[in-house]
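Using this note's numbering, the letters of the sequence shown map in sequence onto residues 64 to 451.
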Amino acid sequence: MSSASLEEFREEVHVWIEQTLPAELRVGLRKDLPKESRRRWISALAERGWIVPDWPVEYGGAGLDRKRAAIVKSELAAFRAPTIRGFGVSMLGPTLLEFGTDEQKREFLPPIARDEVQWCQGYSEPGAGSDLASLQTRAVREGDEYVITGQKIWTSYAHVADWIFCLVRTDPDAPKHDGITFILFPMKQPGVTVSPLKLIDGGADFSQVFFDGARAQAKHVVGPVGGGWTVAKRLLQHERTTDGSSEEGGITGAMKESLVDLVKREVGMEDGALADPTIRQRLAAQEMEKRALGLTMARAMAEARAGQATRDIGSLGKYRWASMVKNEQDIAMLALGTQGLGWSAPGFDERELERTKAWLTTRADSIWGGTNEVQLNVIAKRVLQIPE
């Protein structure tokens, strides 16, 4: 593949986005985008298969090779265009491509690629967080179905999800890692109760979920019955690799302006440089970290595509990403000073209040998806291969 043909493809992608993306959507992943404009844009992306450009065409992707798929993603990021990065696209979809049956792929992947179905993740439980293999949610076979009983917690976006991919215990007598099954079932059914949890930033995107006789079809077990731990670990690799390669923090990609723009405005410039040397040094270090992490995660994703995923570099990415996102918000708060500490009182504008909540939100980034402490253990065992 020549570099000229890749540049021609990049130009084609760039022109299409330039002509198709409405100006009001070129602001990143904000939640207050015009709904109709966003819907039309996502539909246009889906029609080209560019929500998941590297997925096979028959499952809603564009069937692009690694380099062309990367070009699509980088051009969308350059325009700060809204895309879909939910659990279906980033976690369940890649896992189904690897472990799912042909029937499961045909049933679930195209709706994910068209952004028609919202998914949530049923992993953590009140007594099984860091030690996830201790989970107690039970699934008992009844004919062609499983009956689900138990509880999950810290389930992101459960209140809006249509389906859940869930870890359940199908064999209570087996060793704890061997009795777990990975299964899919709808959220909107009798026996499923969602109870939102109010968070420090004032939002309620996490929930407790209670199962009391919820039902799942046996054909929606992914991988072998009792073999869910292997599937679950692979999905977590996809999650951590996605997190580590993401440019969506409390600010970057998700807010109305970049961190650099915010700091320039709040701190001011002198002789072409930031006026505050301390913030200047921290910002420079942050940008270097971001570039280094991007290169590392590009390598991790290349290894995963080549079937060389045993080292789990995704955990390294998740660990560094979580720390960087928190540091990014700390720099923003330092630049804003007391104006970054508002909640609702007079004297703070909407932009400043948005920053306060974003800063609070990122305090959880080193907890969800596996705490930083868990990631360090994984890095020691699977990346550095330190003997126990």
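Ideal Cβ placement from N, Cα and C applies to all residues, glycine included. Keep in mind that this is a model prediction, so the values were computed, not measured.
Requested in this report: Name the two residues that bound the continuous alpha helix (DSSP H) containing threonine 158.
Outcome: It spans 156-162 - the alpha helix (DSSP H) in which threonine 158 sits, taken as one unbroken run.
Query - Whole-angstrom distance between lysine 282 and arginine 129, CA atom to CA atom - result: Rounded to whole angstroms, arginine 129 to lysine 282 spans 32 angstroms at the Cα level.
Report task. To the nearest angstrom, report how far apart glutamate 350 and isoleucine 105 are at their CA atoms. Result -> Distance from the CA atom of glutamate 350 to the CA atom of isoleucine 105, rounded to whole angstroms, is 30 angstroms.
Requested in this report: Could you name the residues of the same chain whose beta carbon sits closer than 8 angstroms to that of leucine 88, not counting the 5 residues immediately before and after it, in chain order?
Outcome: Leu96, Pro97, Ser100, Arg101, Trp104, Ala144, Pro145.
Query raised in the report: With distances taken between CB atoms, is the gap from threonine 244 to valine 284 smaller than 8 angstroms?
Result: Closer than 8 angstroms, so yes.
Query raised in the report: Hey, how far is the Cα of leucine 84 from the Cα of glutamate 75?
Result: Taking the CA atoms as reference points, leucine 84 sits about 14 angstroms from glutamate 75.
Report task. Please state if the CB of aspartate 225 and the CB of glycine 289 are separated by a distance shorter than 8 angstroms. Result -> Not a contact, by the Cβ cut-off of 8 angstroms.
Query - Three-state class that DSSP yields for aspartate 275 in the structure shown - result: DSSP, reduced to helix, strand and coil, places aspartate 275 within a strand of the structure shown.
Query - Distance between alanine 109 and isoleucine 147 (C-alpha atoms, nearest Å) - result: Rounded to the nearest angstrom, the two C-alpha atoms are 10 angstroms apart.
Report task. Specify the secondary structure class of leucine 262 as computed by DSSP and reduced to three states. Result -> Taken through DSSP and simplified to helix, strand or coil, leucine 262 comes out as coil.
Query raised in the report: So the alpha helix (DSSP H) glycine 213 belongs to, where does it begin and stop?
Result: Unbroken run through glycine 213 is the beta strand (DSSP E), 208-219; no alpha helix (DSSP H).
Requested in this report: Note down, in chain order, each residue of its chain lying with its Cβ closer than 6 angstroms to the Cβ of leucine 467, except the 5 sequence neighbours on either side.
Outcome: Since the displayed the chain opens at 64 and closes at 451, residue 467 lies outside it and no answer follows.
Requested in this report: Let me know the secondary structure DSSP gives glutamate 179 once reduced to three states.
Outcome: DSSP, read as helix, strand or coil, puts glutamate 179 in coil.
Query raised in the report: Using the beta-carbon count (16 or more within 10 Å), is valine 203 buried or exposed?
Result: It counts as exposed.
Report task. Classify aspartate 306 as buried or exposed, calling it buried when 16 or more other Cβ atoms lie within 10 Å of its own Cβ. Result -> Confidence at aspartate 306 is low in this model, with a pLDDT of 49, below 50, so the placement of that residue should be treated as unreliable; the coordinate-derived value is given next. By the neighbour-count definition (other C-beta atoms within 10 Å, threshold 16), aspartate 306 is a buried residue.
Requested in this report: Report yes if the C-beta distance between valine 180 and alanine 221 is below 8 angstroms; otherwise report no.
Outcome: For valine 180 and alanine 221, no; Cβs fall outside 8 angstroms.
**Report entry** Contacting residues, own chain, Cβ-Cβ under 8 angstroms from alanine 107 (five flanking each side not counted)
**Finding:** Cβ within range, chain order: Thr83.
Query raised in the report: If you count every other CB in all the chains shown that lies within 10 Å of the CB of tryptophan 406, and 16 or more means buried, which is it?
Result: Burial call: exposed.
Requested in this report: Could you check what DSSP says for leucine 439 in three-state terms: helix, strand or coil?
Outcome: In the structure shown, leucine 439 sits in a helix (DSSP, three-state: H, G or I).
Query raised in the report: Whose C-beta lies closer than 6 angstroms to the C-beta of glycine 312 among residues of the same chain, with five residues either side of it excluded?
Result: Because the pLDDT at glycine 312 is just 39, under 50, the model does not fix this residue reliably, and the value given afterwards should be weighed accordingly. Excluding positions up to five away in sequence, the list reads Val388, Glu391.
**Report entry** The alpha helix (DSSP H) enclosing isoleucine 15, as first and last residue numbers
**Finding:** Any question about residue 15 goes unanswered here, given that the chain covers just 64 to 451.
Query raised in the report: Is it right to say proline 116 is buried, meaning 16 or more other beta carbons lie within 10 angstroms of its own, or is it exposed?
Result: With at least 16 other beta carbons inside 10 angstroms of its own, proline 116 counts as buried.
Query raised in the report: Shorter than 8 angstroms from the beta carbon of leucine 399 to some beta carbon of chain B?
Result: You won't find chain B in this structure, because it holds only one protein chain.
Query raised in the report: Does the stretch 261-279 come within contact of the stretch 212-220, defined as at least 3 CB pairs closer than 8 angstroms?
Result: Judged by Cβ distances under 8 angstroms, the stretch 261-279 makes contact with the stretch 212-220, as three or more pairs qualify.
Report task. Would you decide whether lysine 215 is buried or exposed? Buried here means 16 or more other CB atoms lie within 10 Å of its CB. Result -> Taking every protein chain shown into account, the CB of lysine 215 has 16 or more other CB atoms within 10 angstroms, so this residue is buried.
Query raised in the report: By a C-beta neighbour count over all protein chains shown, 10 Å radius and 16 as the cutoff for buried, is isoleucine 314 buried or exposed?
Result: Caution is warranted here: a pLDDT of 37 is assigned to isoleucine 314, below 50, making its placement in the model unreliable, and no coordinate value can be reported.
Requested in this report: Would you mind listing the alpha helix (DSSP H) stretches within the stretch 80-123 that are 4+ residues and don't spill past its ends, in chain order?
Outcome: Fully contained in the stretch 80-123 are the following alpha helix (DSSP H) runs of length 4 or more, in chain order: 98-111.
Requested in this report: Assuming arginine 383 and leucine 358 form a contact by the criterion Cβ under 8 angstroms, report the distance between their Cβ atoms to the nearest whole angstrom.
Outcome: About 12 angstroms separates the two Cβ atoms, so there is no contact after all.
Query - Where leucine 69 sits in the DSSP three-state scheme - result: The answer is helix: DSSP assigns leucine 69 an H, G or I state.
Report task. Go to arginine 148, then tell me how far its alpha helix (DSSP H) extends in each direction, as first and last residue. Result -> Counting along the chain, arginine 148 sits inside no alpha helix (DSSP H), nor does DSSP assign it H or E at all.
Query - Close beta carbons around valine 330, own chain, < 7 angstroms, minus the five adjacent residues each side - result: The beta carbon of valine 330 lies closer than 7 angstroms to those of Leu337, Ala338, Asp339, Ile342, Ala398 in the same chain, with the five residues before and after it left out.
Query raised in the report: Where arginine 278 and arginine 345 are concerned, what is the direct C-alpha to C-alpha distance, given to the nearest angstrom?
Result: Each residue's alpha carbon lies about 52 angstroms from the other.
Query raised in the report: Got a sec, what are the start and stop residues for the alpha helix (DSSP H) alanine 202 sits in?
Result: Where alanine 202 is concerned, there is no enclosing alpha helix (DSSP H), although the beta strand (DSSP E) it sits in stretches over 201-205.
Query raised in the report: Considering only C-alpha positions, which residue in the set Pro174, Val120, Leu69 is nearest to isoleucine 134?
Result: Selected option, being the one with the closest Cα: Leu69.
Requested in this report: Sort Val223, Tyr209, Gly213, Leu298 by Cα distance to serine 153 and report the nearest one.
Outcome: Checking every option, the nearest Cα to that of serine 153 belongs to Leu298.
Query - Extent of the continuous beta strand (DSSP E) to which isoleucine 227 belongs - result: Counting along the chain, the beta strand (DSSP E) containing isoleucine 227 begins and ends at 226-232.
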